[in-house]
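**Student:**
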Amino acid sequence: MSAAVSVEGLAVTLGDTVVLREVDLDVAAGEWVNVIGPNGAGKTTLLRALLGAVDFDGRIGINGRSDGDAMSRARAVAYVPQSPVVPPGVPVIDYVLLGRTPHRGLFQAHSGHDLDVAAEVLDRLDLGRFARREVNTLSGGERQRVVMARALAQESSIVLLDEPTTALDLGHQQDMLDLVDALRSERGLTVLATLHDLTLAARYGDRIAVLSDGVIVADGGPSDILTESLISAHFGADVRIIDDVDGPIIVPAVRRPNRESP
Amino acid sequence: MPQGARLGTGAVATAIAAIVLAVAGGLTIGPVDIATLDVVRELVDGLPFVELDSGLSTTEAAIVTQIRLPRVVLGLMVGASLSLSGAAYQGAFRNPLADPYLLGIAAGAGLGATIAITEGLGDGAGVLDAVPLAAFVGGLGAVWISYLAGNVAGRSPVTLILAGVAVASFLTALQTYVLQANSDVIREVYTWILGRIGTSGWNEPALLAPYFLISVAVVLRYRRALDVLAVGDEEAASLGVDPGRVRLVVVLAASLGAAAAVAVSGLIGFVGIIVPHTVRLAFGASNRIVLPLSVLFGAAFMVAADLAARTVLEPAELPIGVVTAFIGAPFFALVLRSSRKEVW
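Respectively, the protein sequence lines represent chains L and Y.
Using our numbering, the first residue of the first sequence is number 30, and each one after it goes up by one.
Using our numbering, the first residue of the second sequence is number -2, and each one after it goes up by one.
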């Protein structure tokens, strides 16, 4: 399989802070890779670099190209942010139509085809009945689906998800990730997601890449990557890992004060 | 199938009706009463290839074409410029409190006008008068300094707003200093600051027209881009839009129109806030609706306010800034209270 996303020697400095030092990461077309790492490891910055939203050194290839302009990149890569900015007073249909911007350009009105795409996406995500509702009046789970709908309306083959489950309860977390999985197989999407929940990261997707202190320190299948020592070293957490048919379960171990130490 | 937001014909018709009413009032009401029909005849007669007897005397005809009509046209352009630039700033900065004076236009124009008046440069006639020129240069200069100081890559647009606040305070302090040192012109400067739609023939409308047209054309062209900007800089970038560039173009175009309007009419407050917000609450939040309707309703509002300014205390004239705030503030409070929509 060819690489949909290929990152070589990526370095990003924000102000005086070196956020990414030397990141190498390939994501094959159709693959789902979860990037995990402690707070401040640079996960969001990695996604922002892929979007062209920050200056970087190194090379980022999107579908084999590294020279695309912003509009062509937006036709290739869609983004679901961790906390989307939902403008008040905007109906769902208008919000989803924003996803058509890279196809219609900045100054053109949306076409009939744009409306068709938006309507199809709304139907697929079971949002058709909300089309005229204002996005900021929807519940958290519905809102997350609307943001997903905007990303799908971009008709890009690569989708970046930044902590897609953070604001959701357990049931909606599961719904969201199941939806991503279903859409991936229906539409042949390539998914690169950041996740805080290690157990979820182990259950969804094909591979896990561990980003710590600006470099990828481990990359591979969930069972190989998620070890007590790795999690202790990079997350500073004492955990117990329980094997389960769907993948390893990571739970925190209770830290008991060691009375024998001086 | 659901459609996207669009500018409804009903909304446009309402806005045009408001303009027609305001213009009719502006042309017919005054110390000399002139019938609407005669005014229409006189205006039609003024068209090329049309000969029509309006029944107006030469003096009445002159009142219509040389006094009231230029004043109405100036009011239309000033009102449209100020409310459009308010709407454009609100969209570009995603800030409901943004008004045309956000980046220091008022303070810069005030300083420019004060210097021109204290230096006794204000006696030239019309287009070449130094006061509007100095106000225009001062206003645009203030925006430029704010941009240089506050437009830091990767920072939120709030940085730019704060820079505008700092620049405005600095320029206002300078203006106060200049004014204190030249207390004999305080009254004249004060009159300028309160604003007026005053004309000497067609000079002021001619002066404002090119800036007005450029400003309206550019800002309206960017109405869809501003809708994309509404989802924040990062998400706008993910949709292929360069938020910094869109903001720069829109802010410069809006500032051009606002500075030109301020230069010829002084500091007329509040229009840039109330008109766009009223439009937003009544017709929808999309910039495809708010920007064009702000042009139309802003134009109508200013002509109506000017009509009130020159008739309420006739023959004395109220400063129009007083009228826009006096009518505008309570009306706006009413709109805010009665609206069930949440647009910010």
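The beta-carbon is built from N, C-alpha and C at its ideal position, and this holds for glycine as well.
Predicted, not measured: the structure shown is a model, and the values here were computed from it.
Is there a Cβ of chain L sitting closer than 7 angstroms to that of L236 of chain Y, yes or no?
**Tutor:** yes
**Student:** Could you tell me whether the Cβ of V228 of chain Y comes closer than 7 angstroms to any Cβ of chain L?
**Tutor:** Using a CB distance cut-off of 7 angstroms, V228 of chain Y counts as an interface residue toward chain L.
**Student:** Evaluate V268 of chain Y with the Cβ neighbour count: other Cβ atoms within 10 Å of its Cβ, from every protein chain shown; 16 or more gives buried, anything less gives exposed.
**Tutor:** That one is buried.
**Student:** Express the C-alpha separation of W199 of chain Y and A251 of chain Y in angstroms, rounding to a whole number.
**Tutor:** 23 angstroms
**Student:** Ignore the nearest five residues each way along the sequence and tell me which others in R65 of chain Y's own chain have a CB closer than 7 angstroms to its CB.
**Tutor:** G23, L24 and G27
**Student:** Inspect the CB distances between the region 75 to 93 of chain Y and the region 129 to 146 of chain Y and report whether three or more fall short of 8 angstroms.
**Tutor:** no
**Student:** Thinking C-alpha only, which one of L:I279, L:N92, L:D267 and L:G118 is nearest R285 of chain L?
**Tutor:** L:D267
**Student:** Taking the alpha carbon of L333 of chain Y as the point to measure from, which residue in Y:V319, Y:H274 and Y:V320 has its own alpha carbon closest?
**Tutor:** Y:H274
**Student:** Does the structure place the region 191 to 201 of chain L close enough to the region 36 to 44 of chain L that three or more beta carbon pairs sit under 8 angstroms?
**Tutor:** no
**Student:** For G1 of chain Y and chain L, any beta-carbon pair shorter than 7 angstroms?
**Tutor:** Under the Cβ distance rule, G1 of chain Y counts among the residues neighbouring chain L, one pair being separated by less than 7 angstroms.
**Student:** List, in order along the chain, the chain Y residues whose C-beta lies closer than 8 angstroms to that of L127 of chain L?
**Tutor:** D224, V225, V228 and L236
**Student:** Check whether chain Y comes within 7 angstroms of P131 of chain L, counting only Cβ atoms and requiring the distance to be less than that.
**Tutor:** yes
**Student:** So which residues on chain Y does V280 of chain L lean against when the C-beta distance must stay under 7 angstroms?
**Tutor:** Here the premise fails: no neighbours, minimum Cβ distance about 34 angstroms.
**Student:** Does Y98 of chain Y come out as helix, strand or coil in the three-state DSSP assignment?
**Tutor:** coil
**Student:** Sorted by chain position, which residues of the same chain lie with C-beta nearer than 6 angstroms to A260 of chain Y's C-beta, five sequence neighbours on each side aside?
**Tutor:** P129, A132 and F133
**Student:** List in chain order: all unbroken alpha helix (DSSP H) runs of 4+ residues lying wholly within the region 122 to 157 of chain Y.
**Tutor:** Segments of the alpha helix (DSSP H) lying fully in the region 122 to 157 of chain Y: 127 to 147.
**Student:** Go through its chain and collect everything with a Cβ distance to M205 of chain L's Cβ below 7 angstroms, but skip five positions before and after it.
**Tutor:** Q173, P193, T194 and L197
**Student:** In its own chain, which residues sit with a C-beta less than 6 angstroms from the C-beta of P117 of chain L, not counting the 5 before and 5 after it?
**Tutor:** Taken in chain order, the residues that qualify are N165.
**Student:** Sort L:D191, L:A147 and L:G276 by Cα distance to L229 of chain L and report the nearest one.
**Tutor:** L:G276
**Student:** Go ahead and pull the three-state DSSP assignment for N63 of chain L.
**Tutor:** strand
**Student:** Would you kindly check if the distance between the Cβ of G71 of chain L and the Cβ of G243 of chain L is under 7 angstroms?
**Tutor:** yes
**Student:** What would DSSP say about T228 of chain L, mapped onto helix, strand or coil?
**Tutor:** helix
**Student:** Relative to chain Y, which residues along the region 91 to 103 of chain L have a C-beta separation below 9 angstroms, given in chain order?
**Tutor:** D98, A99, M100, S101, R102 and A103
**Student:** Quick one: using the 10 Å Cβ neighbour count with 16 as the cut-off for buried, is Y144 of chain Y buried or exposed?
**Tutor:** buried
**Student:** Check whether the region 240 to 256 of chain Y touches the region 90 to 100 of chain Y, counting contact only when three or more Cβ pairs, one atom from each stretch, lie closer than 8 angstroms.
**Tutor:** yes
**Student:** If I measure Cβ to Cβ from A330 of chain Y and keep anything under 7 angstroms in the same chain, skipping five residues before and after, which residues do I get?
**Tutor:** Leaving aside the five residues that flank A330 of chain Y on each side, none in its chain has a CB nearer than 7 angstroms to its CB.
**Student:** Considering only DSSP beta bridges, list what P240 of chain Y is partnered with.
**Tutor:** The partner list for P240 of chain Y (beta bridge, DSSP) is empty, contrary to what the question assumes.
**Student:** Can you give me, in chain order, the residues of the region 304 to 335 of chain Y that have a beta carbon less than 7 angstroms from any beta carbon in chain L?
**Tutor:** none
**Student:** Run the CB neighbour count on N92 of chain L, radius 10 Å, all protein chains shown included, and call it buried at 16 or more, exposed below.
**Tutor:** buried
**Student:** Using DSSP bridges, identify the partner residues of V36 of chain L.
**Tutor:** Residue pairing by DSSP puts V36 of chain L in a beta bridge opposite L:L54 and L:I89.
**Student:** Measuring CA to CA, which of L:A99, L:G249, L:P120 and L:S185 is closest to L156 of chain L?
**Tutor:** Ranking the options by Cα distance to L156 of chain L, first place goes to L:P120.
**Student:** Note down, in chain order, all residues in the region 266 to 294 of chain Y with a beta-carbon under 8 angstroms from any beta-carbon belonging to chain L.
**Tutor:** R277, G281, A282 and S283
**Student:** Among residues of its own chain, excluding the 5 on either side of V215 of chain Y, which ones have a beta-carbon nearer than 7 angstroms to its beta-carbon?
**Tutor:** V246 and A250
**Student:** For chain L, find out if any of its Cβ atoms is closer than 7 angstroms to the Cβ of E231 of chain Y; answer yes or no.
**Tutor:** True, the Cβ-Cβ gap to chain L drops below 7 angstroms.
**Student:** How should N63 of chain L be labelled, buried or exposed, when 16 other C-beta atoms within 10 angstroms of its C-beta is the threshold for buried?
**Tutor:** Looking at its Cβ environment, which holds 16 or more other Cβ atoms inside 10 Å, N63 of chain L is buried.
**Student:** Out of curiosity, what's the CA-to-CA distance linking G263 of chain Y and V29 of chain Y?
**Tutor:** 27 angstroms
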